[in-house]
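Single-structure report; data block below.
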Amino acid sequence: MHIPGEYIVHESEHWIVNHHLTSRLPGYLMLGSRAPVDSLADLPDQALADMGRLMARLQRAMEQALAPKWLYIGRFGHVPGCPLHFHFIPVHDWVEALFWADERYRALQQFGSLEHALSKTDGAELTLFVWREFGESPTPPKVLGRGIPEVIAAVRERL
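Under the numbering used here, read the sequence shown as residues 9 to 167, first letter to last.
See the structure below:
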């Protein structure tokens with residue numbers, strides 16, 4: 009997959025960090041393997057060692073540059089042929105407020121039990137909201153704060 013230079017935040021021998029190409033949420037970053045593998049078990053030892061250090065540096069840089077309420081880090085694997093990668097999703101107060109303002113997402117309360125939940129929502133629900141609304145919607149929500157180019161520059165500076 010070709011990643012335009014303006015979306016690249018950081019590159020190393022084994023990894024590339026870029027802004028998610030289709031997400032309009034500033035700061036939604038991807039950490040992708042340069043090796044064409046889809047399993048951690050298949051990465052070279054040095055790539056694994058570098059991964060931990062780079063993930064920690066990236067988290068620190070994002071927390072300093074963006075100050076999100078939460079920073080979700082996840083690995084998913086639904087796209088065949090796509091190299092191993094991780095999602096770094098910043099969730100700000102304003103993103104959570106948009107989630108609560110969108111009545112369609114109240115349907116999620118039908119699942120599980122709020123009586124036994126630790127909070128009214130969780131990372132899975134907010135991640136779904138970010139994916140659908142900032143990544144797939146033809147009319148994404150209005151972004152509050154800095155735009156994607158400014159956020160990329162701020163994180164680059166701290167890496």
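Beta carbons are placed, not taken as given, at the ideal position from N, Cα and C, and that holds for glycine.
### Query
What do you reckon, are the CB atoms on Arg164 and His18 nearer than 8 Å?
yes
### Query
Skipping 5 residues on each side, what residues in its chain have a beta carbon closer than 6 Å to that of Ile11?
Asn26
#### Entry: Reference Gly143, options Ala115, Pro34 and Leu62, closest by Cα
Pro34
#### Entry: Contact belief for Leu167 with Ala75 at Cβ below 8 Å, rounded distance in angstroms
Contact flag wrong, Cβ pair sits at about 16 Å.
### Task
Return helix, strand or coil for Met38, following the three-state DSSP convention.
strand
### Query
For the alpha helix (DSSP H) that Ile156 lies in, which residues bound it at each end?
Ile156 to Arg166
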